[in-house]
Amino acid sequence: DAGVIQSPRHEVTEMGQEVTLRCKPISGHDYLFWYRQTMMRGLELLIYFNNNVPIDDSGMPEDRFSAKMPNASFSTLKIQPSEPRDSAVYFCASTDVLSDEQFFGPGTRLTVL
Amino acid sequence: QKEVEQNSGPLSVPEGAIASLNCTYSDRVSQSFFWYRQYSGKSPELIMSIYSNGDKEDGRFTAQLNKASQYVSLLIRDSQPSDSATYLCAVAEKLTFGTGTKLQVIP
Chain A
1 DAGVIQSPRH
11 EVTEMGQEVT
21 LRCKPISGHD
31 YLFWYRQTMM
41 RGLELLIYFN
51 NNVPIDDSGM
61 PEDRFSAKMP
71 NASFSTLKIQ
81 PSEPRDSAVY
91 FCASTDVLSD
101 EQFFGPGTRL
111 TVL
Chain B
1001 QKEVEQNSGP
1011 LSVPEGAIAS
1021 LNCTYSDRVS
1031 QSFFWYRQYS
1041 GKSPELIMSI
1051 YSNGDKEDGR
1061 FTAQLNKASQ
1071 YVSLLIRDSQ
1081 PSDSATYLCA
1091 VAEKLTFGTG
1101 TKLQVIP
C-alpha cells in the first residue's frame, strides 16, 4: 500500500486566497483525521471522519475552515479566505480502529503571505 | 491544564545512555497511549503503543504506563544519534497529542 497520500506537499499563497488540501487515506481505513502542526501549539486535531461522516469538528478553528469526505478514498480541507496565521503543516492520518495506531501522510506545508 | 503534557526539552543524552521521556495526561478514562517519533520535516511515526499498566518492551524501547498517576513514559536504551528526533505522546480516545520532547543524542 502506498500509505496516506497528501497533495500538494507545499503551498504558498497570499492572504485572502482559497486553499484546498487533499488527502487519500489507506485503503480499508474507516477513520480519517486532519491535524495542524505549529511550533507554538504542536499537533492539533482539526476534524475526523468515520465512514465518510464528520464525527468531531470541534478543533476546526473557525468558519473559514471546512472539510469534506465525499467518498472513502478522498478528503479535502479548505481554507477560505486564508490568513497568515494559518501557516502551518497540515497532516492527514487514517486508521481502521479509533483506538489504534494512526498512519500519517507526509503533510502539506502551507505558507500564507 | 493541557490535556497531554510533555517537557519540550531539548533533552540531551550521550550516545549509549538511557533517554527517559515523560508524559502526563488529564483524562482518567483514557485507555490507549502511543509514542510517536517525528524527525525534522517528516511526519510522525508510531514507535510504541501501550494499553495496560506496567512496562512494555520492544527492542531498545520500553513504554511505561501508570494509570493511577496518569503518567506514561518512554525509555530508550543504548541511545543512538539516529534517535535524535521529537517524541510525541498521544492519548487515543481524546485524539490528543502532547507538544513533544526534542531528544538530542550526542555522539
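These protein sequence lines are chains A and B, in that order.
For the first sequence, the numbering used here assigns the number 1 to the initial residue and increments by one for each residue that follows.
For the second sequence, the numbering used here assigns the number 1001 to the initial residue and increments by one for each residue that follows.
All residues carry an ideal CB built from backbone N, CA and C; glycine is no exception.
Positions along the stretch 40 to 59 of chain A whose CB lies within less than 7 Å of some CB in chain B: Gly42, Leu43, Leu45 and Tyr48
query: Residues in the stretch 1076 to 1101 of chain B with C-beta within 9 Å of chain A's C-beta atoms, listed in sequence order?
result: Leu1088, Ala1090, Ala1092, Glu1093, Lys1094, Leu1095, Thr1096, Phe1097, Gly1098, Thr1099 and Gly1100
task: Could you tell me if the beta carbon of Tyr1071 (chain B) falls within a distance shorter than 6 Å of some heavy atom in the ligand NAD?
output: Among the components modelled here there is no ligand, and therefore nothing to report on the ligand NAD.
query: Beta-carbon of Leu1046 (chain B) versus every beta-carbon of chain A: anything under 7 Å?
result: Within the second sequence, residue 1046 (chain B) is the residue found at index 46, counting from 1. Yes, Leu1046 (chain B) counts as interfacial toward chain A.
- prompt: Is Ser1020 (chain B) close to chain A, meaning its C-beta is less than 7 Å from at least one C-beta of that chain?
  reply: As a working note, residue 1020 (chain B) is residue 20 in the second sequence. Taking Cβ atoms only, chain A never reaches closer than 7 Å to Ser1020 (chain B), which makes this a no.
query: From what residue to what residue does the beta strand (DSSP E) around Ala88 (chain A) run?
result: Within the first sequence, numbered from 1, the residue matching residue 88 (chain A) stands at position 88. It spans Ala88 to Thr95 - the beta strand (DSSP E) in which Ala88 (chain A) sits, taken as one unbroken run.
task: Give a yes or no on contact between the stretch 1029 to 1044 of chain B and the stretch 1059 to 1077 of chain B, applying the rule of three or more CB pairs nearer than 8 Å.
output: yes
task: For the stretch 1026 to 1037 of chain B, enumerate the residues whose C-beta is nearer than 9 Å to any C-beta of chain A, in chain order.
output: Gln1031, Ser1032, Phe1034 and Tyr1036
message: Runs of 3 residues minimum, wholly inside the stretch 22 to 51 of chain A: which ones carry the beta strand (DSSP E) assignment?
response: 31 to 38 and 42 to 50
query: Just the Cα atoms here: how many angstroms apart are Gln1104 (chain B) and Pro70 (chain A)?
result: Within the second sequence, numbered from 1, the residue matching residue 1104 (chain B) stands at position 104. Within the first sequence, numbered from 1, the residue matching residue 70 (chain A) stands at position 70. Rounded to whole angstroms, Gln1104 (chain B) to Pro70 (chain A) spans 42 Å at the Cα level.
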